[in-house]
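Here's the structure, in structure tokens; my notes come after.
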Amino acid sequence: MPELPDVEIFRKYAAKALNKKIKEISVKEKKLVKVSESTLRKHMLGKRFTSTSRHGKYLFLKISGGSVLVLHFGMTGELAYCKKKDREKSKGSKEDRKDKDREKGKEMGEHKPR
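In the working numbering, the protein residues as written are 1 to 114.
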């Protein structure tokens with residue numbers, strides 16, 4: 001289970017995606033997302049992450065326009081922000097939520113293997 005220091009590292013890592021335009025949303029495991037994919041698109045597409053914060057094991061990504069993306073990493077979750085080709089090389093990963101930033105050829109995704 002990710003501990004508080006891990007979530008703080010994820011917060012700092014997520015800061016690398018700040019001010020990058022969100023170009024695409026993809027939800028792989030709908031049961032793990034509390035809102036519909038269309039709702040995510042409505043509140044996120046074309047917007048930018050403007051700030052990150054953390055409370056306990058919850059990570060908050062503020063989005064331009066006033067929405068906030070809330071992430072909880074469960075027992076084994078992690079956060080990745082990398083070039084798409086590097087993410088695709090990762091064998092066996094099952095992504096739950098992915099926010100792509102094609103301006104720099106990078107994507108950010110939350111991964112929960114169980």
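Using N, Cα and C, we set each Cβ at its ideal position, and we do this for glycine too.
{"Check": "Beta bridge counterpart(s) of PHE49 as assigned by DSSP", "Outcome": "LEU18 and ILE63"}
{"Check": "Range of the contiguous beta strand (DSSP E) that encloses LEU69", "Outcome": "68-72"}
{"Check": "Beta-carbon gap between SER51 and LYS62 smaller than 9 Å", "Outcome": "yes"}
{"Check": "Coil, strand or helix - LYS83 by DSSP", "Outcome": "strand"}
{"Check": "Contact under 9 Å by Cβ, ALA14 with LEU45", "Outcome": "no"}
{"Check": "Backbone secondary structure at GLU29 - three-state DSSP", "Outcome": "coil"}
{"Check": "Extent of the continuous alpha helix (DSSP H) run through SER38", "Outcome": "37-44"}
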